[in-house]
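Asker: Quick one: the structure is below, and I'll ask about it shortly.
Residue numbers (the numbering used here): 5 to 130.
This is the structure in structure tokens:
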């Protein structure tokens with residue numbers, strides 16, 4: 005199965021837009037953002053909220069969230085408000101779009117074609 009990578013736009017404060025490389029991961033229970041990237045972007049973004057979330061990563065160890073950013077993310081001309089837990093990935097990724105985003109855009113995985121399909125109705129932001 006291929007890895008779904010997409011350029012996304014994170015909408016910051018005062019109309020600023022940050023382009024980031026995202027991995028779409030149907031196994032991720034949360035949307036996440038790399039703390040190293042957050043440190044580079046935070047002056048252009050709205051402030052984070054405190055978070056009590058502890059993430060369990062692929063090798064089963066736990067990492068505490070450094071905060072939660074809530075904002076608009078645009079992928080392929082579809083804009084949705086989403087929350088992202090910020091944690092230390094040591095640069096392994098910039099953004100992971102997990103199940104919350106996949107549900108918001110009504111994504112369906114076509115396993116035979118190995119494609120991710122998004123319903124037309126998801127293109128309208130609530």
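C-beta atoms are modelled at their ideal positions from N, C-alpha and C, and glycine is treated no differently.
#1: Could you give the residue range of the beta strand (DSSP E) that holds residue 13?
#2: With a threshold of 6 Å on Cβ separation, who are the neighbours of residue 116 within its own chain once the five nearest residues in sequence on each side are excluded?
#3: Have a look at residue 35 and residue 82 and give me their C-alpha separation to the nearest angstrom.
#4: Counting only the same chain and skipping the five closest in sequence on each side, list residues whose C-beta sits under 6 Å from that of residue 29.
#5: Measure the Cβ-Cβ separation of residue 50 and residue 71 and say whether it is below 8 Å.
#6: If you check the beta carbons only, do residue 68 and residue 58 fall under 8 Å apart?
#7: Exposed or buried, residue 52, counting other C-beta atoms within 10 Å across all chains shown (16 or more means buried)?
#8: Any idea if residue 33 is buried or exposed, counting beta-carbon neighbours within 10 angstroms, 16 or more meaning buried?
#9: Residue 60 to residue 20, Cα distance in whole Å?
#10: What's the gap between the Cα of residue 26 and the Cα of residue 89?
Answerer: According to the structure shown:
#1: Locating residue 13 in the chain shown gives position 9, where the first residue counts as 1. Note, residue 13: beta strand (DSSP E), 8 to 15.
#2: Taking the chain shown and counting its residues from 1, one reaches residue 116 at position 112. Cβ neighbours of residue 116 beyond the five flanking positions: none.
#3: Within the chain shown, residue 35 is the residue found at index 31, counting from 1. Within the chain shown, residue 82 is the residue found at index 78, counting from 1. Distance between the alpha carbons of residue 35 and residue 82 is about 16 Å.
#4: If you number the chain shown from 1, residue 29 lands on position 25. The residues are 100, 102.
#5: As a first step, residue 50 must be located in the chain shown, where it is residue number 46. As a first step, residue 71 must be located in the chain shown, where it is residue number 67. No. Outside cutoff.
#6: On the chain shown, residue 68 is found 64 positions in, with the first residue counted as 1. On the chain shown, residue 58 is found 54 positions in, with the first residue counted as 1. Cβ distance < 8 Å, so residue 68 and residue 58 count as in contact.
#7: In the chain shown, the residue the question calls residue 52 occupies position 48. Label assigned to residue 52: buried.
#8: Position 29 of the chain shown, counted from the start, is the residue given in the question as residue 33. Residue 33 is exposed by the Cβ-count criterion.
#9: Position 56 of the chain shown, counting from 1, holds the residue named residue 60. Position 16 of the chain shown, counting from 1, holds the residue named residue 20. Near 32 Å, if we compare the C-alpha coordinates of residue 20 and residue 60.
#10: Taking the first residue of the chain shown as position 1, residue 26 is located at position 22. Taking the first residue of the chain shown as position 1, residue 89 is located at position 85. Going by the C-alpha atoms only, they are around 14 Å apart.
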